[in-house]
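S.K.:
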Amino acid sequence: MEIKPLVEALLFVTEEPLPPDKIADIIGAETKEVREALRILQQEYDAVEHGLQVMEIAKGYQFSTKPEYASVIEKLFKGEKSYALSQAALETLAIIAYRQPVTRVDIESIRGVKVDAVMITLQKRRLVRTVGRKDAPGRPILYGTSRDFLKYFGLKDLSELPRLVPGDD
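Using the numbering used here, count along the sequence shown one by one with no gaps and you end on 193.
#1: With three or more beta-carbon pairs closer than 8 Å as the criterion, would you say the segment 114-123 touches the segment 140-147?
#2: Should Ala33 be labelled buried (16 or more other beta-carbon atoms within 10 Å of its own) or exposed?
#3: Using a 10 Å radius around the Cβ and a threshold of 16 neighbouring Cβ atoms, would you call Pro161 buried or exposed?
#4: Count the other CB atoms within 10 Å of the CB of Thr154; is the residue buried (16 or more) or exposed (fewer)?
#5: Can you list, in chain order, the residues of its chain whose CB lies under 8 Å from that of Arg157, leaving out five sequence neighbours each side?
#6: So who's on the other strand from Gly84, going by DSSP bridges?
#7: If you follow the alpha helix (DSSP H) that Tyr167 is part of, which residue opens it and which one closes it?
#8: Going straight from the alpha carbon of Val58 to that of His74, what length do you get?
#9: Would you kindly check if the distance between the Cβ of Pro41 and the Cβ of Lys90 is under 8 Å?
#10: Report the residue ranges of all alpha helix (DSSP H) runs contained in full by the segment 58-145; include only those spanning at least 4 residues, in chain order.
#11: By the DSSP assignment, the alpha helix (DSSP H) with Val37 in it spans what residues?
#12: Helix or strand or just coil, what does DSSP make of Leu42?
#13: Do you know how far the Cα of Ile27 is from the Cα of Phe173?
#14: Please tell me whether Leu100 has its Cβ less than 8 Å away from any Cβ of chain B.
#15: Measuring only the C-alpha atoms, how far is Ala141 from Ala112?
#16: Would the beta-carbon of Pro43 fall within 8 Å of that of Leu62?
#17: From the DSSP secondary-structure annotation, give me the bridge partner or partners of Gly52.
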């Protein structure tokens with residue numbers, strides 16, 4: 025049986041990005057074959073007549089709509105509650121993304137304000153996670169970004185973060 029339609033079906037029904045090795049396990053194929061099927065699907069969906077694309081995101085693959093159709097899609101969801109992040113949340117998230125693993129005290133010293141409420145929000149939204157404890161007095165919690173962070177910003181991995189301009193760090 026051809027694996028491309030199986031891969032396509034799995035991408036269609038999942039809410040989470042699927043790694044090629046997981047797809048291979050599910051359909052009983054080699055990871056190399058799955059990667060080739062994903063490459064072909066990406067080419068096919070990149071064709072002009074499709075409103076969808078196959079994206080590599082958060083170390084996996086999933087369907088998403090093409091950016092040029094965002095205005096039409098926004099009309100469908102007009103009036104629904106938005107989940108945009110506040111400026112404080114974005115600033116805190118940027119510090120965590122670029123400095124991880126990082127403690128709350130480190131974040132507060134950089135921002136110059138308490139971040140308790142912002143950290144609760146970021147953790148509830150699953151954009152930030154506990155990654156361990158610092159080997160220091162009190163063993164403070166270390167924070168890092170999560171897979172949901174990658175999904176939220178449409179990144180394959182942290183290497184896709186924009187480079188910091190010298191003097192901005």
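Idealized CB from N, CA, C, for every residue including glycine.
M.R.: In short:
#1: yes
#2: Looking up residue 33 in the sequence shown gives position 9. With fewer than 16 Cβ atoms within 10 Å of its Cβ, Ala33 is classed as exposed.
#3: Start at 1 with the first residue of the sequence shown, and residue 161 comes out as number 137. So Pro161 counts as exposed.
#4: Residue numbering aside, residue 154 sits at position 130 when the sequence shown is read from its first letter. Burial call: exposed.
#5: Along the sequence shown, read from residue 1 onward, the residue named residue 157 stands at position 133. Arg163, Pro164, Ile165, Leu166, listed in sequence order.
#6: For this step, residue 84 is matched to residue 60 along the sequence shown. In the DSSP output, where bridge partners are listed per residue, Gly84 has Ile81.
#7: The residue given as residue 167 occupies position 143 in the sequence shown. Here Tyr167 belongs to no alpha helix (DSSP H); instead the beta strand (DSSP E) covers 165-169.
#8: Taking the first residue of the sequence shown as position 1, residue 58 is located at position 34. Taking the first residue of the sequence shown as position 1, residue 74 is located at position 50. Those two C-alpha atoms are separated by around 22 Å.
#9: Against the sequence shown, residue 90 aligns to sequence position 66. Against the sequence shown, residue 41 aligns to sequence position 17. No, the pair does not count as a contact, with Cβ atoms beyond the cut-off.
#10: 94-100, 111-123, 128-135
#11: As a position in the sequence shown, residue 37 is number 13, starting the count at 1. 28-37 is the extent of the alpha helix (DSSP H) around Val37.
#12: Reading the sequence shown from its first residue, position 18 is the one you call residue 42. In this structure, Leu42 counts as strand in the three-state DSSP scheme.
#13: The residue given as residue 173 occupies position 149 in the sequence shown. The residue given as residue 27 occupies position 3 in the sequence shown. Rounded to the nearest angstrom, the two C-alpha atoms are 30 Å apart.
#14: Of the protein chains in this structure there is only one, and it is not chain B.
#15: In the sequence shown, residue 141 corresponds to position 117, counting from 1. In the sequence shown, residue 112 corresponds to position 88, counting from 1. C-alpha separation (whole angstroms): 10 Å.
#16: Position 19 of the sequence shown, counting from 1, holds the residue named residue 43. Position 38 of the sequence shown, counting from 1, holds the residue named residue 62. No, the Cβ-Cβ distance between Pro43 and Leu62 is not below 8 Å.
#17: Taking the first residue of the sequence shown as 1, we reach residue 52 at position 28. According to DSSP, Gly52 bridges with nothing at all.
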